[in-house]
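Participant: My numbering puts the first residue of the sequence shown at 1095, with every later residue one more than the last.
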Amino acid sequence: MSLPSQSSRNATRSSQVHYRRSRKNPLGRLIAAVAILALVFGLWYLFIRPNASATPDETNPGEQIANNTANTPQLGNEDRPTRALPGSTPAPDPNAEVDRLIGNNTNPRNNSGNNTPTQPVEITNRTPSNSNSGSNTPANTDILDAATKQANNTATTTQTNTVPDSARQPQVEDRNTTLRGVQIQLDTARRLVAQNDRVGARALLSRTLINANLSAAERQLLRDELTTLNNQLVFSPTVDPNDPMCESYKIQSGDSLSRIAARRELATHWKFIQRINRISDPAKIQLGQNIKLVRGPFHAIVDKSDHRIDIYHGAPADPASWLYIRSFDVGLGESDGTPVGEFVVSANKLENPGWVNPRNAREQYAPNDPNNPIGEYWIGLTGVGDSAAHTSYGIHGTIDPDSIGSDQSMGCVRLANGDIDIVYEMLAEHISRVLIVP
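Shown next as structure tokens:
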């Protein structure tokens, strides 16, 4: 039996122990709850969160493609992408097309003498290699840039048609591509003309004309456009201040057209000054009168297959830089008697020449004889290099206009009256080159 004093102490101790134990129970429950939460969080992090936050690279490629396909709206014909599909014919790149057509792949010579490619939009900055020109072709790239951008926009919006390989016709596609390129150049040239830059338009189309891939019809389109331009730039009294080929001249005391042509070293006949200024009587020019001068040299390319002579302007040693001026129909030698080769105009350049038939010395014609078969003008030609063996050939007129366009001469190149006059005035002795091609 416990004593009262013992019972009191034991009761107190028991109460303290019970109190301490009761204070430990909430802490244990808290620890257990935290552990459970940590376990749940870990399970969530490991098995649930990665699937929800994975990047596209971490997902299954097959599932990603399937999801993208399911989420992509189907496109109708009006929304078809412009990127070419396998087996289809893509729309041409206008920049590449313009570069190809105007010959930029050949690294044309620039003003500094460095061989660097020239973009088609810089065509009006190109200076023909002509030491007599005295100035550069003016720059006008704004309209060219605009035309190129418009061509890019057109190509971007063009729909691509899928064509089976068996039905594709590369030759037709190449011709259509070239025709589109020529049309781009023609449209660009016309915009340049609208901006009063006929000089830039002429340079652009002349560069386009040298492309070997053009058809005869496309070349004729370019020649017609260039002829129209040169009717104003070359053959009219109007002086374009941007044209290095032309200049304005004020008549001085003691001047005559022949003195002016010689003193200004025009490399043309003085009658060409009379022609372009429409002077009826060269003896009646007046002191202080302003006239237009056109500076040469001019050259000729005779195309035998087309019975045509093309007149160009530029440095004799750089045909790639020549500017097209005008064309005339010609007659050629019978039985392919006109030789192919390179010639230069000789000093034997005559008006109202006499003529002796080389096949019959008894057949002779005096100057001014209306029956003279070679007409009123003779331009003698001297062969150059391998063509030096070709002698006694020339360019002359005719009294038989029906022979133009055919092969009836003894080998010379003949032009109709009215055409031979112009060619005679433009070609210069010892300077002008004449190339005869098949």
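Using N, Cα and C, we set each Cβ at its ideal position, and we do this for glycine too.
Roughly how far, in whole angstroms, is the beta-carbon of R1527 from the beta-carbon of V1438, given that I think they are within contact range, below 8 Å?
Facilitator: The pair is a contact, with the Cβ atoms about 6 Å apart (cut-off 8 Å).
Participant: Are the CB atoms of G1499 and I1468 within a distance shorter than 9 Å?
Facilitator: Their beta carbons are not under 9 Å apart, which means I1468 does not touch G1499 by this criterion.
Participant: Quick check: the region 1339–1350 against the region 1470–1485, are at least 3 beta-carbon pairs closer than 8 Å?
Facilitator: Judged by Cβ distances under 8 Å, the region 1470–1485 makes no contact with the region 1339–1350, as fewer than three pairs qualify.
Participant: Going by beta carbon distance, what residues of the same chain come within less than 8 Å of Q1383, once the five residues before and after it are set aside?
Facilitator: Same-chain partners within the cutoff: K1344 and I1345.
Participant: Would you kindly work out how many angstroms separate the C-alpha atoms of L1308 and S1486, rounded to a whole number?
Facilitator: Each residue's alpha carbon lies about 34 Å from the other.
Participant: For A1483, name the three-state secondary structure that DSSP assigns.
Facilitator: Of the three classes helix, strand and coil, the one that applies to A1483 here is helix, per DSSP.
Participant: Along the chain, where does the alpha helix (DSSP H) that runs through L1298 open and close?
Facilitator: Taken as a continuous stretch (DSSP letters only), the alpha helix (DSSP H) holding L1298 covers R1292 to L1303.
Participant: For F1422, does the three-state DSSP call read helix, strand or coil?
Facilitator: Strand at F1422.
Participant: Based on the DSSP secondary-structure assignment, which residues constitute the bridge partners of C1340?
Facilitator: Answer is V1388.
Participant: Determine the DSSP secondary structure at S1347, reduced to helix, strand or coil.
Facilitator: Three-state DSSP puts S1347 in coil, outside helix and strand.
Participant: Among D1400, K1398 and G1390, which has the Cα closest to the Cα of Y1406?
Facilitator: Ranking D1400, K1398 and G1390 by Cα distance to Y1406 puts G1390 first.
Participant: For I1304 and S1497, I'd like the C-alpha separation in whole angstroms.
Facilitator: Roughly 29 Å separates the two Cα atoms.
Participant: Cα separation between A1409 and S1415?
Facilitator: Going from the Cα of A1409 to the Cα of S1415 covers about 8 Å.
Participant: Mapping DSSP to helix, strand and coil, what is V1531?
Facilitator: Three-state DSSP puts V1531 in a strand.
Participant: With burial defined as no fewer than 16 other Cβ atoms inside 10 Å of the residue's Cβ, what is the status of H1393: buried or exposed?
Facilitator: Buried.
Participant: Which same chain residues end up closer than 7 Å to T1476 when comparing Cβ atoms and leaving out the 5 residues on each side of it in sequence?
Facilitator: The residues are F1437, V1438 and S1440.
Participant: Nearest to K1365 by CA position, among F1329, L1381 and D1400, is which residue?
Facilitator: Comparing Cα positions, the closest option is F1329.
Participant: Run through DSSP, which three-state label would L1475 get?
Facilitator: If DSSP states are grouped into helix, strand and coil, L1475 belongs with the strands.
Participant: Under the three-state reduction of DSSP, which class applies to S1503: helix, strand or coil?
Facilitator: If DSSP states are grouped into helix, strand and coil, S1503 belongs with the strands.
Participant: Could you give the DSSP three-state label for D1404: helix, strand or coil?
Facilitator: The answer is strand: DSSP assigns D1404 an E or B state.
Participant: Kindly indicate which three-state DSSP category W1364 falls into: helix, strand or coil?
Facilitator: If DSSP states are grouped into helix, strand and coil, W1364 belongs with the helices.
Participant: Is S1429 near R1402, with beta carbons less than 9 Å apart?
Facilitator: Cβ atoms of S1429 and R1402: not closer than 9 Å.
Participant: Given this structure, state the Cα-to-Cα distance separating V1424 from V1287, to the nearest angstrom.
Facilitator: Taking the straight line joining both Cα atoms gives about 31 Å.
Participant: Using a threshold of 9 Å, state whether the C-beta atoms of E1470 and N1442 are closer than that.
Facilitator: Not in contact: E1470 and N1442 (Cβ atoms no closer than 9 Å).
Participant: Excluding the 5 residues flanking N1371 on each side, which residues of the same chain have their C-beta closer than 8 Å to its C-beta?
Facilitator: Closer than 8 Å at Cβ, skipping near neighbours: P1331, I1385 and K1386.
Participant: Start and end of the alpha helix (DSSP H) containing A1310?
Facilitator: That run of the alpha helix (DSSP H) goes A1310 to L1327.
Participant: On the DSSP letters alone, give me the boundaries of the beta strand (DSSP E) that V1439 sits inside.
Facilitator: Residues G1435 to E1445.
Participant: To the nearest angstrom, how far is it from the Cα of R1313 to the Cα of R1508?
Facilitator: Cα to Cα, R1313 sits roughly 23 Å from R1508.
Participant: Grouping DSSP H, G and I as helix and E and B as strand, with all else coil, what is G1431?
Facilitator: Coil.
Participant: At a Cβ threshold of 9 Å, is R1292 touching chain D?
Facilitator: Among the chains in the structure shown there is no chain D, since it carries only a single protein chain.
Participant: Between A1297 and L1323, which are expected to be in contact by the criterion C-beta below 8 Å, what is the C-beta distance as a whole number of angstroms?
Facilitator: Incorrect: roughly 10 Å between the Cβ atoms, too far for contact.
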